[in-house]
Each structure stands twice: as C-alpha cells, then as structure tokens.
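Shown next, in structure tokens, is the structure this report addresses.
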Amino acid sequence: MSNTILSVEDLHIIFRTYLGTVHALNGVYLEVGQGESVGLVGETGCGKSTLGLSIVRLLDESAKITKGRIIFNNESILDKSQEEMREIRRKYISLIFQDPTAALNPVYKIGDQIVEALQMSRSLKKGEAIEEGSKLLSMLGIPESKKVMEQYPHELSGGMRQRVMIAIALSKSPLLLIADEPTSNLDVTIQAQILELISELRKNTKMSLLLITHDMGIVAQVCEKVAVMYAGQVIEFGNVRDVFKSPLHPYTKGLLKVANLIGEKSRLESIPGTIPDLRNLPPGCLFSPRCPYKFSKCMQNRPSNIFVDKGRSVACWLLEYKVG
Ligand SMILES: Nc1ncnc2c1ncn2[C@@H]1O[C@H](COP(=O)(O)OP(=O)(O)O)[C@@H](O)[C@H]1O
Ligand SMILES: [Mg+2]
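Structure representation (structure tokens):
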C-alpha cells in the first residue's frame, strides 16, 4: 500500500541480560497509514516501549534485533546509518515519552529549542517563530508562555518540561509522531488539552500518530485504529470501533471487560494469571497459559497474525477455523 507510512514486519528483539535473554518482541506486525492514528495498548512489560524505540533506533546497547523489517516512508529503517537515523529523528519522526529530561538540551533556552524545531519545518522568521512557539505553549496549558520561552529546562517543573517536550516534538511537523504514555504524569485537564491539541494538529497536517498507552479510554477518544500487544506480539489489530465492539482475541475481550468495569484505567491483573516470563517463553501461543479457550494446538504452535477481514488481524487459532 503506497499510503502506508510505517510498517513493521515480523519484528523480533531480544535483550541480553545477566539473568538471561529477554525475548521482548516476538514477531510484531503493525501498519500505520499516512495521517492515521494508531493506539498501541497492552499491559506493562508487553513490549510497547521497545517497539516504539526500535522504530527510531534508540534501543539500548543490550538490545538485538534478531529478525524482521521496519519500513518507514518506503525505506528500510534497519539499513540506515547512524547519521541517516539522526536526520530522520530530527525531521520526520518525533518521539515523546514519559521522561522529558533526555529530550531537552539543558544548555539552551526553551524558546531557542522550540524556534529551531519550528524553523526546521516551516520558513518562519525568528520573530514569527517566537510568536508561534509561545502560542503553542499556551495551547498546551502553559501559563506565561513568553516568560517560559526565556527559561532553561532545569528551571521548570517536571510537568512543564513534559509539555515543552511535546511542543518541540509537534513543532517539527513530523510525518510520524510516536508518543509513549505522553500524558501519564499530567493531571486530567492538561492531559485532555494535550490530546485535543494533538488531534487538532493531525487534522491540519498529514501527521500520523502512534500513541502508546495503557488507557483504553484515550484510545477510544483519539485513535482510529488499535493494536493490542501481548508478550511482544500484536495479538489483535483493527479499527477502534470494530475491535471495541467485537473483540476477537480472548485477551482483548478480557482487557475491554476490565476497562469497562472500573472506568478508564484498566487493571489488567483482573485477567487471571500474569504475562509469561519473557526469558522462558511457552512453546505455543504466548497467551495460552492464561486462555480459558485454549485447545491442544494452542500449546504446540504459536499463532501469527491471521487476517480476518480487510484491515483486521488476530493472532489466535480460534479464528483460523472461523475464517476457514
Ligand atoms: N534495556 C533493557 N534491558 C533488559 N530488558 C529490557 C530492557 N528494556 C526493556 N526490557 C524488557 O523487555 C520487556 C518489554 O519492556 P517494555 O518495552 O518496556 O514494555 P512496556 O513499554 O510495554 O511496558 C520487559 O520484560 C522489560 O523488562
Ligand atoms: Mg513502556
């Protein structure tokens, strides 16, 4: 498909640790269309951040990609040089994550960092860029934005730094924004404001969004598609409306049931059992130890993504028979 901006194919990633090899990603398939917003959900430790970081090639040294492809804008990310990757991160893919410290340069004023990002993507004069930047900060709920432009990162609170990082990421007008739990530390009003702004910007540009969150409510509010991860695999993918209305994978069903029961924050421990030890994976389906519907095949073979319908896929043997 020519309007696919990102496609991840059969991605496998391990971390070598003193305690053994962690199989963090175990055959991820994911597609993000141009201008599309995809929510990536799943409980802690299922590999969401690892997937996000692999797309921009910012994984730890201990990580090794053992198999698979990442295609961004029709080019292979895994074949790029470090130099080319820096260029891609500077211009085309923005990443925002929970800890803003690493993303901000401590020796430059906030204003200079935003102005640089704005001027990279748009031909603005310095004065115009300052005006734009301070408007953006105000829209992100920062009071006295003109004053903040004159400050250094260490002079701001954590929540403010978080919003400044988001402002810089958005200023670049990237082709793809990867947001890893971007608002988890912020209060609910600010969170809503930021999500609103991201949605607004998406309408006006062709920016695609990969939004990593464990909050199903946010996915329903912001995303068109959803990818549900479990133990390093995307086990269900499709339109938010379809997946939420009729989830096909037993894990997605459990996830939605729990989320509905107790409001927007999902408490996944309510699905009996825990995710498998990623250093010692079960032989068959990774969800089978927890699955109430498993049958013999599930314990022997690992299901890959079965296409159920156009744009909808599920990694579950139960579906193989339904699809025929
Ligand atoms: N740098 C690392 N070294 C070793 N193990 C890691 C590292 N980063 C992540 N992992 C492991 O990989 C798995 C996936 O982690 P992560 O991608 O952070 O999940 P999520 O973002 O969904 O919570 C976890 O078991 C985690 O402990
Ligand atoms: Mg994470």
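Under the working numbering, the letters of the sequence shown match residues -17 to 306, in that order. The beta carbon of each residue, even a glycine, is placed where N, CA and C say it ideally should be.
> Where residue 236 and residue 120 are concerned, what is the direct C-alpha to C-alpha distance, given to the nearest angstrom?
Replying inline: Taking the first residue of the sequence shown as position 1, residue 236 is located at position 254. Taking the first residue of the sequence shown as position 1, residue 120 is located at position 138. Cα to Cα, residue 236 sits roughly 39 Å from residue 120.
> Counting only runs that start and end within the region 90 to 131, where is the alpha helix (DSSP H) found for 4 or more residues in a row?
Replying inline: At a cut-off of 4 residues, the continuous stretches assigned as alpha helix (DSSP H) that sit fully inside the region 90 to 131 are 92 to 103, 108 to 121 and 127 to 131.
>> Taking 8 Å as the limit between beta carbons, can you name the residues of its chain near residue 140, skipping five residues before and five after?
In response: On the sequence shown, residue 140 is found 158 positions in, with the first residue counted as 1. Sequence-distant Cβ neighbours of residue 140 in its own chain, meaning closer than 8 Å and more than five residues away, are 82 and 167.
> For residue 35, which residues from the same chain have a beta carbon less than 6 Å from its beta carbon, with the 5 sequence-adjacent residues on both sides left out?
Replying inline: Residue 35 sits at position 53 when you count from the first residue of the sequence shown. Leaving aside the five residues that flank residue 35 on each side, the residues in its chain whose CB is nearer than 6 Å to its CB run, in chain order, 41.
>> Between the region 49 to 56 and the region 128 to 135, can you find at least three pairs of beta-carbon atoms closer than 8 Å?
In response: They do not touch, by the three-pair rule.
> Of the residues 138, 234 and 189, which one's Cα is nearest the Cα of residue 158?
Replying inline: The residue given as residue 158 occupies position 176 in the sequence shown. Across the set 138, 234 and 189, the C-alpha of 189 shows the shortest separation from the C-alpha of residue 158.
> How close, in whole Å, do the beta carbons of residue 10 and residue 210 come, if the pair is a contact with beta carbons under 8 Å?
Replying inline: For the purposes of this step, residue 10 is taken as the residue at position 28 of the sequence shown. For the purposes of this step, residue 210 is taken as the residue at position 228 of the sequence shown. Wrong, their Cβ atoms sit about 12 Å apart, outside the cutoff.
> Does DSSP put residue 292 in a helix, a strand or coil?
Replying inline: By one-based count along the sequence shown, residue 292 stands at place 310. Of the three classes helix, strand and coil, the one that applies to residue 292 here is coil, per DSSP.
> Would DSSP call residue 247 helix, strand or coil?
Replying inline: To locate residue 247, count along the sequence shown from 1; it is residue 265. Note that residue 247 scores 47 on pLDDT, short of 50, meaning its location in the model is unreliable; the coordinates nonetheless yield the value given after this. In the three-state reduction of the DSSP assignment, residue 247 falls in the strand class.
>> Contact defined as beta carbons within less than 8 Å: I believe residue 205 pairs with residue 21. What is the distance between those atoms, to the nearest angstrom?
In response: The residue labelled residue 205 in the question sits at position 223 within the sequence shown. The residue labelled residue 21 in the question sits at position 39 within the sequence shown. Right, their Cβ atoms sit about 4 Å apart.
> When you compare only the Cα positions, how much space is there between residue 29 and residue 213?
Replying inline: For the purposes of this step, residue 29 is taken as the residue at position 47 of the sequence shown. For the purposes of this step, residue 213 is taken as the residue at position 231 of the sequence shown. When only Cα atoms are considered, residue 29 and residue 213 end up about 7 Å apart.
>> Does the contact criterion of 3 or more C-beta pairs under 8 Å hold for the region 89 to 96 versus the region 143 to 161?
In response: Three or more beta-carbon pairs separated by less than 8 Å link the region 89 to 96 to the region 143 to 161, which places the two stretches in contact.
> In terms of alpha-carbon separation, which member of 216, 208 and 257 lies closest to residue 311?
Replying inline: The first residue shown for the chain is -17 and the last is 306, placing residue 311 beyond what the model contains.
>> According to DSSP, residue 19 sits in a beta bridge with which residue or residues?
In response: Numbered from 1 along the sequence shown, position 37 holds the residue referred to as residue 19. 191.
>> Please state the DSSP three-state secondary structure of residue -2.
In response: What you label residue -2 is simply residue 16 of the sequence shown in a count that begins at 1. Strand at residue -2.
> When DSSP labels each residue in this structure, what does residue 136 get in the three-state scheme?
Replying inline: Here residue 136 corresponds to residue number 154 of the sequence shown, with the count starting at 1. Here residue 136 sits in helix by DSSP.
> Is residue 30 near ligand 1, with its Cβ less than 6 Å from a heavy atom?
Replying inline: Here the question's residue 30 lines up with position 48 in the sequence shown. Indeed, a heavy atom of ligand 1 lies less than 6 Å from the Cβ.
> When the Cα of residue 38 is compared with those of 282, 59 and 26, which residue comes out closest?
Replying inline: Translated into the one-based positions of the sequence shown, residue 38 becomes position 56. When each option's Cα is compared against that of residue 38, the closest is 59.
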